[in-house]
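Peer 1: For the sequence shown, the positions run 1 to 241 when full-length UniProt numbering is used.
Every residue gets a Cβ at the ideal spot worked out from N, C-alpha and C, and that includes glycine.
This is the structure, below, for whatever I ask next.
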Amino acid sequence: MKKVIFVADLHIDIGETKRLQAFEKFLATEQAPIYIMGDLFNFWAGNAQGNLGYVRHFLRFLRRICAKKQIFFLAGNRDFLFVPFFAKRLKGNTIEDGYTLTLGKHRVVLYHGDALCTGDKSYLEMKKWLQSDLIYYISRFMPSNVCVKIGQKFRQTSQKAIRKKAQKDMGLNFQFILDILDDLNQDVMICGHTHKPQFKVLREEKDNDKELYVLPECKEQCISYLEWSDNQFTYKEKNYD
Ligand SMILES: [Mn+2]
1 MKKVIFVADL HIDIGETKRL QAFEKFLATE QAPIYIMGDL FNFWAGNAQG
51 NLGYVRHFLR FLRRICAKKQ IFFLAGNRDF LFVPFFAKRL KGNTIEDGYT
101 LTLGKHRVVL YHGDALCTGD KSYLEMKKWL QSDLIYYISR FMPSNVCVKI
151 GQKFRQTSQK AIRKKAQKDM GLNFQFILDI LDDLNQDVMI CGHTHKPQFK
201 VLREEKDNDK ELYVLPECKE QCISYLEWSD NQFTYKEKNY D
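Listed below in structure tokens is the structure:
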């Protein structure tokens, strides 16, 4: 492998077709394997959402591109219900938090990032319930208008909750990340979710330092991502406006 791309947090919302088109162009032109690491959609409440106009074209495109290229999808906290859709309907590759890969001298672990913000106890409790087999089952049969309503409601409540929570509770737990790297015997953690691109050496070592790369969010028609090439990681962006 010569080049690999990591991208997350596009947060596509209803009617936001411009960023979706930008991402289409990005996926079409990049030849490297692409890891979409969660929160591609601002919410995904069920299979029927795939029938809505703003995504229908994109999903058809994604299905075609998944057959030709190496595209991987890791669930975000807002679009985890998209995983079964991506696997079954689009025949794409899905991966989970804790997925590991080796890139040259780097041994890498991927997480969306919500599970690394360990201070947010109430959210992590709710996540267990939300990401249960029952919810996955129900989401297959939910009509599209209900999907949209649930998505909007869910967003309002989570935004209110975020405003209430102290900022320090919301952040990444660096010690927890180090423990994961040690447990899995890897040296680089890549995650998204917090929307602030960040590179951090978590612990210096003789051979490979333990490092963290946080992915930027994608805004407007700009696709911001992390690229691995020439045996190193670089933050890049491509503008499509
Ligand atoms: Mn997220």
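(1) Here's the rule: buried if 16 or more other CB atoms are within 10 angstroms of the residue's CB, otherwise exposed. What is F90?
(2) Using CA coordinates, which residue listed in D187, E217 and D114 is at the minimum distance from K238?
(3) From G113 to D39, what does the alpha carbon distance come to, in whole angstroms?
(4) Can you check which of these residues, S224, R203, D13 and V148, is closest to K196 by C-alpha distance?
(5) List, from N- to C-terminal side, the beta strand (DSSP E) runs of 3 residues or more that fit wholly inside the stretch 76-159.
(6) Using a Cβ-based criterion (distance less than 7 Å to any ligand heavy atom), does N77 qualify as near ligand 1?
(7) Taking 7 Å as the cut-off, does the CB of G38 come closer than this to any heavy atom belonging to ligand 1?
(8) Under the criterion of a Cβ to heavy atom distance below 7 Å, does D183 qualify as lining ligand 1?
(9) Flag this pair as touching only if the stretch 77-91 and the stretch 36-56 have three or more C-beta atom pairs under 8 Å; answer yes or no.
(10) If you draw a straight line from the alpha carbon of R155 to that of K206, how long is it in whole angstroms?
(11) Which residue from L110, E96 and Q21 puts its Cα closest to that of residue 256?
(12) Thinking just about the alpha-carbon of each residue, which of S139, I65 and A115 is nearest to the one in K128?
(13) Closer than 7 Å: is that where the CB of D9 sits relative to any heavy atom of ligand 1?
(14) Taking the straight line between their C-alpha atoms, what separation do you get for A8 and E227?
(15) Pick from K18, I12 and T118: whose alpha carbon is nearest that of F176?
(16) Which of helix, strand or coil does DSSP assign to E204?
(17) So which of E204, T194, I36 and S122 has the shortest CA-CA distance to D187?
(18) Any heavy atom of ligand 1 within a distance shorter than 7 Å of the CB on G171?
(19) Among residues of its own chain, excluding the 5 on either side of F61, which ones have a beta-carbon nearer than 6 Å to its beta-carbon?
(20) Shorter than 7 Å, the distance from the beta carbon of D114 to the closest heavy atom of ligand 1, or not?
(21) If you measure from the beta carbon of K25 to each beta carbon in chain C, is any gap under 8 Å?
(22) Using 7 Å as the cut-off, classify the Cβ of H106 as near or not near the heavy atoms of ligand 1, replying yes or no.
(23) For D66, which of helix, strand or coil comes out of DSSP?
Peer 2: If we stick to the structure as given:
(1) Before going further, note that residue 90 is Leu rather than Phe in the sequence given. That one is buried.
(2) E217
(3) 10 Å
(4) S224
(5) 93-95, 99-103 and 106-110
(6) yes
(7) yes
(8) no
(9) yes
(10) 45 Å
(11) Because the chain is modelled from 1 through 241, residue 256 falls outside the range shown and cannot be assessed.
(12) A115
(13) yes
(14) 12 Å
(15) T118
(16) coil
(17) E204
(18) no
(19) E24
(20) yes
(21) The structure shown contains no chain C; it is built from a single protein chain.
(22) no
(23) The residue you asked about is not Asp; residue 66 is Cys in the sequence shown. Three-state result, C66: helix.
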